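Report on one structure; see the data block that follows.
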Ligand SMILES: NC(=O)c1ccc[n+]([C@@H]2O[C@H](COP(=O)([O-])OP(=O)(O)OC[C@H]3O[C@@H](n4cnc5c(N)ncnc54)[C@H](O)[C@@H]3O)[C@@H](O)[C@H]2O)c1
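Numbering (full-length UniProt numbering), first residue to last: 1 to 355.
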């Protein structure tokens, strides 16, 4: 028996909202039924472009619509928690953009609302479905890497501050700079591949050497010269796990650096071998009689990361299964990000207590 498509409402019709609309349109098990945006003409434009039948004039109207089963939330970070909590309370399943929230207190509020509602809450960390990451995961799952005890991950843009002065560069609206913007992707995928150990201790430092001088600005996003910049432009941190493993994280929007490319990178070191990602390429490394042996890891073929992520969301909504990018994983990421900012502020280690 064929089931009716899951009816999706998209809250936030900007850059990422449009990507979600385009992705769900490719999947027959979903119907993009409604769209809304704080700037209504943009929602109307998206509706026209994508033949979306309903434009709601507010998120509240979307959440009151009984013909919507699930919402995608793709708005500036400060609105993630209030909208996700309301959506879950209204009985909608939620696919939420990263970071889960501007801080862990807000992320906790979302998690509590999810538990009270019994609805699906999934974080949109598409990198977990990246073809190279899936290839790397196969090496880990088949035992070729052994026990992972150290990881290095990062994403170091040299001149890539997005939308200077817009919500992206304001602490109260974004929660932070490249750490919460790019770092959260690398943190999420690293913890996933390391087998989701529990983080127990964090040491980190953040810097703002370019943004406040209006330097290091990239081509992405629209600057608002009447706005301001009060977030970091570089962060470096070490995170220690309860199983003794360590993860070092390096991220920047702007930096004077050579030697590392602009692409996201990840190196996982295990007792049997190591796996690495640099942009869209992957390597497996181990020792043999000749010395160090390297093999290319092939990207796994198939549907795009975003289609796979969206299919996973639909399946979790249908079955009640917990998404692999669960609310708990988003909350854990936010706890670590908070701890890095706190460590930088106090100039020392921050221990994470879980209860
Ligand atoms: N997964 C990824 O790789 C990825 C990529 C880009 C952005 N993002 C995330 O997506 C979110 C949005 O980023 P973006 O690049 O699309 O930003 P954007 O500025 O292009 O779009 C945000 C849209 O939200 C609308 N908006 C603002 N407040 C709203 C509210 N309260 N209710 C309804 N609409 C509202 C704005 O009018 C705007 O159209 C951010 O959290 C960002 O971190 C994730």
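Note that CB positions come from ideal geometry on N, CA and C, so glycine has one too. None of the values given here were measured: they were computed from a predicted structure.
Does DSSP put residue i in a helix, in a strand, or in coil?
i	result
residue 288	strand
residue 326	strand
residue 23	helix
residue 283	strand
residue 276	strand
residue 177	coil
residue 250	strand
residue 342	helix
residue 271	coil
residue 7	strand
residue 93	strand
residue 231	coil
residue 294	strand
residue 336	helix
residue 266	strand
residue 319	helix
Output needed for residue i: all residues of its chain with C-beta closer than 7 Å, excluding positions within five of it in sequence on either side, in chain order.
i	result
residue 22	none
residue 75	11, 12 and 83
residue 252	156, 157, 178, 233 and 234
residue 242	197, 198 and 200
residue 108	331
residue 104	331, 334, 335 and 338
Can you find the residues in the same chain that come closer than 8 Å, C-beta to C-beta, to residue i, ignoring five residues on each side of it along the sequence?
i	result
residue 356	Given a span of 1 to 355 for the chain in the structure shown, any question on residue 356 remains unanswerable.
residue 61	36
residue 167	76, 77, 78, 173 and 174
residue 244	149
residue 42	13 and 14
residue 131	280, 299, 300, 301, 302 and 305
residue 287	293
residue 3	29 and 318
residue 46	10, 13, 17, 18, 21, 35, 37 and 52
residue 163	169, 220, 221, 222, 223 and 224
residue 139	145, 273, 275, 284 and 297
residue 227	164, 165, 166, 169 and 170
Just checking residue i against ligand 1 - is the residue's beta carbon closer than 7 Å to any of the ligand's heavy atoms?
i	result
residue 39	yes
residue 172	no
residue 92	no
residue 181	yes
residue 313	no
residue 24	no
residue 79	yes
residue 11	yes
residue 88	no
residue 14	yes
residue 332	no
residue 95	no
residue 124	yes
residue 75	yes
residue 17	yes
residue 286	no
residue 42	yes
residue 212	no
residue 325	no
residue 169	no
residue 59	yes
residue 158	no
residue 45	no
residue 319	no
residue 248	no
residue 365	Look at the range of the chain in this structure, 1 to 355, and you will see that residue 365 is not part of it.
residue 36	yes
For ligand 3, is there a heavy atom less than 7 Å away from the beta-carbon of residue i?
i	result
residue 28	By its list of ligands, the structure shown excludes ligand 3, since it contains just ligand 1.
If you drop the 5 nearest sequence neighbours on each side, which residues of the same chain put their C-beta closer than 6 Å to that of residue i?
i	result
residue 17	10 and 74
residue 182	155 and 251
residue 215	none
Would you say residue i reaches chain C, if we count a Cβ-Cβ gap shorter than 8 Å as a contact?
i	result
residue 127	Here there is only one protein chain, and chain C is not present.
* To do: Quick one: which unbroken alpha helix (DSSP H) runs of 4-plus residues sit fully inside the segment 95-162? Chain order, please.
  => Counting only runs of 4 or more, we get 104-117 and 131-141.
* Would you list, in sequence order, the uninterrupted alpha helix (DSSP H) runs of no fewer than 4 residues that lie entirely inside the segment 9-88? => Entirely contained in the segment 9-88, the alpha helix (DSSP H) runs reaching 4 residues are, in chain order, 15-25, 40-50 and 59-63.
* **Any beta strand (DSSP E) of 3 or more consecutive residues that is wholly inside the segment 169-223** => DSSP runs (the beta strand (DSSP E)) wholly in the segment 169-223: 199-207.
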